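Note sheet for the following structure.
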Amino acid sequence: MPKLVLKFENAVLREVPVGAKEVSIGRSPENGIVIDNPAVSHFHARVFNEEGRIMLEDFGSLNGTFVNGQRVKMVTLKPGDSVAIGKHTIVISDSRDLDGFAAGNGNGKPAPAAPKLNETVMLDTKARRDFLQKVAAVGESAQVSPARMKVATLVVRGGRTNQREYMLNDKLTVIGKSAMATVKLKGWFAPKAAAQINRRDDQSYYIGPADKTPSVNGQPITQPTKLSSGDVINVAGIELEFVYRD
Amino acid sequence: MELEFGAQSDRGCVRENNEDSYRAAPDLNLFILSDGMGGLDCGEVASRLAVDTILEHCRKGQASASFPFTGLRIDGVSELTNRLASAVRVANHAVHSAAQHSATNRPMGATVVAVQFADERMSLANVGDSRVYRLRGEDFEQLTRDHSFVAEQMRQGRMTAQEADSSKLHNVLIRALGVDPEVEVDASEELVLEGDTVLLCSDGLTRELSDSQISAVLRETEDAQEATERLIDLAKQAGGGDNITAIVLRSAARPVGALGRVSRLGKWIKDSAERHRR
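Protein chains in written order, with my numbering: chain A, 2 to 247; chain D, 6 to 283.
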């Protein structure tokens with residue numbers, strides 16, 4: 002059965018067989034091959050089997066579909082053809098001769114030599130810049146959350162601490178007697194590090210156990226657990242409320 | 006905090022040279038590991054330059070708090086973590102300059118992971134795909150993010166773990182020291198608890214051994230140096246296709262809270278009694 006091999010640069014991202022069922026291609030997650038790139042339409046194109054022939058149809062996409070460099074509307078594909086959509090390439094491979102087609106890039110030029118096994122290499126500078134830019138764009142959209150402009154705060158509801166409120170500005174907040182603790186506990190029997198709160202890359206806060214097992218809303222916490230506004234934390238004789246402040 | 010460490014590096018079974026370097030500075034509680042790349046002896050030069058530069062920068066920072074930092078300050082982490090990130094940026098500059106000026110003019114680069122302990126805090130900084138793991142009780146967790154193409158694809162949900170495993174692009178990095186004049190450094194902090202085991206390793210270890218194989222060795226071997234040697238032996242038995250370096254760090258169990266004070270008091274009484282006897 003022929004296969005569609007989705008590639009980015011020389012990286013094989015996916016292989017999808019073309020059977021009786023058509024394979025749709027686009028940015029929308031409903032597609033058989035999803036290409037998450039702004040240059041790709043939500044429903045960009047489809048590949049289907051018509052009486053043994055592999056057909057490609059472009060759905061009138063904005064940026065077009067190119068086969069071996071030519072913009073196409075509807076064509077018959079043959080093994081070795083290279084379909085360009087945005088910055089991605091789909092190579093048509095006959096599974097009987099997968100290696101042969103995967104090695105070429107469809108336009109007759111040999112693919113650059115693959116790096117030796119286990120040898121660490123860098124993406125070349127231009128490819129890497131493009132890639133990192135895309136990564137950054139994805140990261141930015143993921144960071145937009147309602148809590149973004151608000152400051153995570155611990156409000157002391159009970160017990161002996163050195164302040165009544167703590168703004169969680171740090172990536173790591175420790176509750177305990179330790180010199181590095183933000184929420185400083187007092188008293189002889191107070192543990193050095195009773196619990197920890199970590200801010201993760203998505204700006205959410207997770208509480209986890211240290212020398213003590215804290216509880217959140219009455220539930221003991223043995224694994225790092227995400228905090229939500231209004232959660233009440235009990236640990237080492239103190240009670241704290243976690244809130245987002247404007 | 007009492008810290009026990011073991012460290013070793015091995016050429017592996019296939020490579021003709023060892024492009025990994027590491028430095029252990031127990032006086033600073035600082036541990037650094039780097040995996041170099043580039044033809045001829047460039048990889049060795051790059052990784053050695055990286056670890057030495059970081060060690061030197063941190064030493065100067067320790068000696069004088071006014072020793073200048075390089076690069077933008079990272080908010081929300083301690084001075085020490087900022088110092089470590091600064092050291093990695095200086096190392097990037099050093100490797101980059103060396104690559105520009107080398108007679109062969111061949112590209113060279115390196116990964117790096119560095120950890121430093123102060124009180125109950127561990128500072129981490131990394132660039133590339135060398136890793137830091139932590140074993141805490143039953144939990145074995147990777148604390149660093151790999152800056153590799155497949156890891157980034159997985160984070161964005163474009164590749165499943167299975168696809169990533171079978172990908173031929175394991176070895177393609179998207180960040181490394183020495184490639185550009187500036188580099189983005191990942192820096193973070195973790196709380197250290199007694200009994201925690203921290204492992205720094207190059208990809209020569211993680212490509213040969215699974216997480217469960219690694220964590221089993223760390224669980225079963227008490228001595229840190231012995232654990233490092235067993236990890237490297239196992240990786241070599243599994244093929245040893247790349248250079249292998251491992252640093253195992255263990256925070257010694259210490260009595261905590263009031264109990265600790267009582268036992269320290271007990272030790273003091275015993276010690277002074279012995280002094281009196283002499």
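Cβ atoms here follow ideal geometry from the backbone N, Cα and C, with glycine treated the same way.
Since the structure is predicted, the reported quantities are computational estimates derived from the model, not experimental observations.
Look up residue i in the DSSP assignment and give the residues it is bridged to.
i	result
M2 (chain A)	In the DSSP output, where bridge partners are listed per residue, M2 (chain A) has none listed.
I237 (chain D)	DSSP lists no partner for I237 (chain D).
A153 (chain A)	A:Y245
D144 (chain D)	D:R141
S14 (chain D)	D:T250
T162 (chain A)	A:L186
T77 (chain A)	A:M56
S216 (chain A)	A:P221, A:N235
N131 (chain D)	D:V118, D:D191
T174 (chain A)	A:I198
N50 (chain A)	A:I55
D25 (chain D)	D:D40
When you compare only the Cα positions, how much space is there between residue i and residue j?
i	j	result
K22 (chain A)	Q147 (chain D)	41 Å
G219 (chain A)	R158 (chain A)	15 Å
M42 (chain D)	T116 (chain D)	8 Å
S229 (chain A)	V156 (chain A)	14 Å
L7 (chain A)	A181 (chain D)	27 Å
A30 (chain D)	V177 (chain D)	30 Å
Q144 (chain A)	S172 (chain D)	Confidence at Q144 (chain A) is low in this model, with a pLDDT of 39, below 50, so its placement is unreliable and the value that follows should be read with caution. Each residue's alpha carbon lies about 29 Å from the other.
E49 (chain D)	E58 (chain A)	52 Å
G65 (chain A)	R160 (chain D)	28 Å
P225 (chain A)	Y207 (chain A)	6 Å
T75 (chain D)	R28 (chain D)	21 Å
G231 (chain A)	V35 (chain A)	39 Å
S83 (chain D)	V122 (chain A)	33 Å
G33 (chain A)	A166 (chain D)	19 Å
Q230 (chain D)	A104 (chain D)	34 Å
V175 (chain A)	G87 (chain A)	47 Å
F44 (chain A)	T77 (chain A)	19 Å
E7 (chain D)	V56 (chain D)	24 Å
A169 (chain D)	H152 (chain D)	14 Å
L33 (chain D)	K65 (chain D)	11 Å
W189 (chain A)	S102 (chain D)	54 Å
S205 (chain A)	S25 (chain A)	36 Å
R141 (chain D)	P73 (chain D)	36 Å
A92 (chain D)	C63 (chain D)	6 Å
P18 (chain A)	T226 (chain D)	47 Å
A40 (chain A)	R54 (chain A)	28 Å
D46 (chain D)	E16 (chain A)	38 Å
Q158 (chain D)	S29 (chain A)	17 Å
A153 (chain A)	T183 (chain A)	14 Å
S62 (chain A)	A46 (chain A)	7 Å
S215 (chain D)	K79 (chain A)	41 Å
Should residue i and residue j be called a contact, given that it needs their Cβ atoms to be closer than 8 Å?
i	j	result
A130 (chain D)	L85 (chain D)	no
V84 (chain A)	V68 (chain A)	yes
D247 (chain D)	R78 (chain D)	no
A12 (chain D)	I252 (chain D)	yes
P215 (chain A)	D95 (chain A)	no
K172 (chain A)	G81 (chain D)	yes
E9 (chain D)	R255 (chain D)	yes
N50 (chain A)	G20 (chain A)	yes
R94 (chain D)	V188 (chain D)	yes
K185 (chain A)	N163 (chain A)	yes
G2 (chain D)	E194 (chain D)	Residue numbering for chain D in the displayed model covers 6 to 283; residue 2 (chain D) lies beyond these limits and cannot be assessed.
V217 (chain A)	I234 (chain A)	yes
L198 (chain D)	A237 (chain A)	no
R165 (chain A)	K187 (chain A)	no
L14 (chain A)	R16 (chain D)	no
Let me check understanding here. Comparing Cα to Cα, which of the options lies closest to residue i?
i	options	result
R139 (chain D)	D:C206, D:V95, D:A96, D:S153	D:C206
K241 (chain D)	D:D208, D:A257, D:A96	D:D208
V203 (chain D)	D:A55, D:S83, D:T149, D:A243	D:T149
F36 (chain D)	D:P73, D:N22, D:A119	D:A119
A1 (chain A)	D:V190, D:P186, D:I179, D:L196	Outside the shown range of chain A (2 to 247) lies residue 1 (chain A), about which nothing can therefore be said.
I179 (chain D)	D:V95, D:V155, D:G244	D:V155
D201 (chain A)	D:G244, D:S14, D:D191	Looking at the sequence provided, one finds Arg at residue 201 (chain A) rather than Asp. Nearest C-alpha to R201 (chain A): D:D191.
A12 (chain A)	A:K187, A:V92, A:P210, A:K227	A:V92
D37 (chain A)	A:D212, A:A46, A:G27	A:G27
H89 (chain A)	A:F9, A:M168, A:N199	A:F9
P186 (chain D)	D:G200, D:S217, D:L210, D:N97	D:N97
H175 (chain D)	D:D144, D:L198, D:T211, D:P112	D:T211
D82 (chain A)	A:R165, A:L63, A:M56, A:F60	A:M56
Kindly examine the ligand PLP and report whether one of its heavy atoms sits closer than 7 Å to the Cβ of residue i.
i	result
V93 (chain D)	As far as ligands go, the structure on display features none, and thus does not contain the ligand PLP.
Validate contact between the stretch 232 to 245 of chain A and the stretch 233 to 246 of chain D using beta carbons, cut 8 Å, 3 pairs: no
Pair every Cβ in the stretch 64 to 77 of chain D with every Cβ in the stretch 129 to 138 of chain D, then say whether three or more of these pairs are closer than 8 Å. no
Check whether the stretch 121 to 128 of chain D touches the stretch 179 to 195 of chain A, counting contact only when three or more Cβ pairs, one atom from each stretch, lie closer than 8 Å. yes
Quick one, which residues of the stretch 114 to 125 of chain D are near chain C if we go by CB-CB under 8 Å, in chain order? The structure shown contains no chain C; its protein chains are A and D.
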